[in-house]
Structures are given as structure tokens and as C-alpha cells.
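Worksheet: one structure, shown below.
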Amino acid sequence: MKRLNLKNILLFSLILVFGVGGSAWAAVSSGTTPVNLTIEQWRGNSFTFLALPADKQAAGYEIFPVDQADKGFEGDRSVRSSYTGHVGKEVIATEIVPFPAGYNQHEYLVYLTVKDTGEKLVGRTMRGQLDNLVLTADLVNAKEQFLGKVVYPKFRELLGVNVPGINSVPATVAASIGSPATVVDVYTGNQSQEPIWLIISINGEKAILPIAYSWTNMPVNSWTQTPPWQDALFTEDPRVTSGWSLDAWNKIESGIVEEGMTKGQIRLSWGKPVSTEEDDTVWIYGTKKLGFTGDVLHSIETVE
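According to mature numbering (1 follows the signal peptide of the UniProt record, and there is no 0), the residues represented by the sequence shown are -26 to -1, 1 to 278, in order.
Okay, here's the thing in C-alpha cells:
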């Protein structure tokens, strides 16, 4: 099939946005059960602009006014949506238009309307993701589920909270894996993969625990059956609920992996594997190749 050029894509999609009736909108209601929306289901849902890292704020968002989108998609940074004018604002997805991206794949033009101004914007996905937006329902539901609650982070170190006038560079906050922490606030973050920041109080200090609440706006091939925030935290004390011995927890805390450990213990000790093979029976960590029988580690091999 002949590839559509950019102007034809924009023309076609503008016709869809302003000239036809829509299909049913897949709107998300509030609640504490994550609802995972594919991009095709975004229409009618609210999204919130994330913060940007300090070094990217001047450039703004790669989301453009509809009437200047062709210039933006061709690399003109002057037509990007400004950071100060859009950070924290809500937009409604009004239309989703697929276009061919080679190798029988599709990407999407996502048309947005800013809630308080009516400004019309459009962004283009890359690998099935539109950067710098979080589903507003995810932010609302994360606050409802976690604010004021005790959680148990799965990390040994967390980034501290920057306090103006006290520390110009956030300190690293040490923690034991699975130690209790209280969620004292919930913010939008600055990374699309983990767009929500849980601000936690742990060991007398405040730290940032980044999470994704649902799989919305993440490549579909990364989705699993469990909520993505489970990679970051336990909701109950794992030293009580796991049934693991004190010796097992000491190994996890020390970053030790030995034969006989389970996949869950190894993920806590070493984190997610770089890659997996043979239907998840082999995990790769750098030069270490771990072989499993069922859920239990039976071999550790050093490879080139």
C-alpha cells in the first residue's frame, strides 16, 4: 500500500475530527480499579499535561496547535505547546486517527481540546505512546487509593524531595525493601512511563515513589495482567504476607541471588531482568543467565 504523506494524513484526520459523527466514547469513571485504555479508546477521556524535566521545559511539549501541526511534525520547535501555558492543564481527547507506520504497524494522531481555553491541539504517537500526558482518572484514582495509606516500596534507594532554600539537589533516601512508608501527597510526575509521583514519608524523610496507575498510554506489548504500580510497591507488609524466612529477606536486602530462590525474591533482589528467554524459564542480567524450574531458580551461569 502506498504510504500517505503527512499533509494527506492531516487533511484526512481533520475531516474526521470536524466533519463526522463519532463512535461511542470509552469514558473512564472514578474508582480504584485501574482501567486500561488502548489508544483507540481514548476519545472522550480527560488527560493531564505532566511536568517536564527542567532541561526540557524551554522547548515545550511535542503537541501542536492543529493549524500549525504540519510544521511541528516536520521539526519546527517554535510551534510546540509552551510548558508554562500547559503544565497541569486538562485536555479532552476528541478524535484518534490511525495512520500507517510501516511493517504493517500503525501510529496515531491524537486530537485534544484544552478544557479551560478550548484550544485545539494534536500530537502524534511514537511506538504507541503519546509523551507527557497522564490519564486524569489515573491521577484521581491513585489519590483515592494511596493518599494517607501505608505502602511498602520495592527499592533500596529513593529520590528525595527537593525543598527550596534547603537543598538545591534532592538527596537520595535510603530504605529497606518492603519497609513501611506513608503516602503524604500525590503529584503528576515528569516521565510518561511512570507519570504519577507518590510522595512518601519514610525513615523521617520525604521521598518520591514514581508509579504508573494503569497501562493506559503505554505500548500494549508491555501490558500484563497486574496493575503496573505493583512493580513499585506492596500494599501489605511483605514480611508478614510472603511467608519467606528472615534469611531470605536478608539475602534480598543484600542483593544476593542463590539457587533455590523464587522469581519473586530475585526480582526484589536484582530487579527486573534485562531480558527473558524460553517462555520465561531463563532470565538474563548482564553476564548472568538464570535458569528456572517452574518458579524456582535451579542454575546460575556466567556468559559472555
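Note that beta-carbon positions come from the ideal geometry of N, C-alpha and C, so glycine has one too. Fair warning: this is a prediction, and the values are worked out from it, not measured in the lab.
For S249, the enclosing beta strand (DSSP E) has its first and last residue at 249 to 251. Contact between S243 and I226 holds: CB atoms are separated by about 5 Å, below the 8 Å threshold. In terms of Cβ geometry, V65 and L83 do not form a close pair [threshold 7 Å]. According to the DSSP assignment, W203 belongs to no alpha helix (DSSP H), since it is labelled neither H nor E. Here S273 is exposed, its C-beta having fewer than 16 other C-beta atoms within 10 Å. Residue burial annotation: S20 is buried, with at least 16 other C-beta atoms found within 10 angstroms of its C-beta. If the five residues before and after N164 are omitted, its C-beta is found closer than 8 Å to the C-beta atoms of L24, A25, L26, P27, all from its own chain and listed in chain order.
Per DSSP, the unbroken alpha helix (DSSP H) holding W223 starts and ends at 220 to 228. Per the coordinates, the alpha-carbon of N177 lies some 22 Å from the alpha-carbon of Q204. Residue nearest to T58 within the set N78, K30, Q42, G46 is K30 (criterion: CA-CA distance).
Under the three-state reduction of DSSP, D112 is assigned to helix.
Under the three-state reduction of DSSP, T58 is assigned to helix.
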